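Start counting the sequence shown at 951; every next residue gets the next number (this note's numbering). All C-beta atoms in this analysis are idealised placements derived from N, C-alpha and C, irrespective of residue type, glycine included. Treat the numbers as computed from the prediction; the structure is a model and nothing was measured. Below you'll find the structure, written out as structure tokens, and then a few comments.
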Amino acid sequence: MQEANPKNRIVFIDLMRAYAILMMVQGHLVDACLAPIYRDPNNIIFATWNFMRGMTAPVFFFSSGMIFTYLLMKEESKSGKGFKNRRVVKGLTRFSSLILIGYLLHFNFWIIWDLIDGHLDKAYHSMLIVDVLHIIGTAILIIVFIYVLATTFRLKVYPFMLIGALLTFYYYPDIEP
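This is the structure in structure tokens:
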């Protein structure tokens, strides 16, 4: 007999996120160690690996968004809808911290020295780079915004959000950076 999960976790989403994390680590490791001679796009092994590597970030984003949305909707039965939901405040706090950490990781501390020294002519473009923390933070903000909008105006938007996420997976190979 199977024992009930005390935290009511959705195991397949957790497994999907764990798979994506392991694939990201493996993808970065192989990419860093693979010699240029083996990077032949006509080789079926490399082409398959390269495609799977490209799918890990969307899988991770999708599963993380699903978990956050699930917890947001689950919390509304305990603490209320809209801004009364404790997960809304937690989501806004997480958004702020992810954006701040993302920019701090790219902050060039030499700019302080240049400002003191009077060299304002240098450009520090690395501080404007957008990375995974900014994307996750912005996605959390969008999810919270849609949740508050949906609960305030009693809209049923979650099926459309899910369809939109699945269409992103479907059209992913056709989207070129």
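Among the options, whose alpha-carbon lies nearest the alpha-carbon of residue i?
i            : options                   : result
residue 1057 : 1018, 1078, 1100 and 1065 : 1078
residue 1114 : 963, 1066 and 1015        : 1015
residue 969  : 1059, 1003 and 1038       : 1003
residue 1112 : 1039, 988, 1054 and 1019  : 1019
residue 1023 : 992, 1106 and 1046        : 1106
residue 961  : 986, 1025, 985 and 1017   : 1017
residue 1054 : 1102, 1080 and 1103       : 1080
residue 1047 : 986, 1086, 989 and 988    : 1086
residue 958  : 991, 983, 1021 and 1063   : 1021
If I'm right that residue i touches residue j with Cβ under 8 Å, what's the distance once you round it to whole angstroms?
i            : j            : result
residue 1008 : residue 1118 : 7 Å
residue 1052 : residue 1075 : Wrong, their Cβ atoms sit about 15 Å apart, outside the cutoff.
residue 963  : residue 1013 : 5 Å
residue 974  : residue 1006 : 5 Å
residue 942  : residue 1093 : The requested residue 942 does not occur in the structure, where the chain is confined to residues 951 to 1127.
residue 1010 : residue 1066 : Actually they are not in contact, since the Cβ atoms of residue 1010 and residue 1066 sit about 41 Å apart, beyond 8 Å.
residue 1045 : residue 1091 : 4 Å
residue 1097 : residue 1039 : Contact doesn't hold; Cβ gap of about 12 Å is too wide.
residue 996  : residue 988  : 7 Å
Check whether the stretch 1018-1032 and the stretch 975-994 touch, using three or more Cβ-Cβ pairs below 8 Å as the test. No: fewer than three Cβ pairs fall under 8 Å.
Q. Mind pulling the alpha helix (DSSP H) runs of 4 or more residues that sit fully within the stretch 955-1015?
A. Complete alpha helix (DSSP H) runs here, min 4: 961-983.
Discussion item. Please give me, in chain order, every unbroken run of the beta strand (DSSP E) with length at least 3 that falls completely inside the stretch 1021-1107.
Written reply: Fully enclosed beta strand (DSSP E) runs of 3 or longer: not present.
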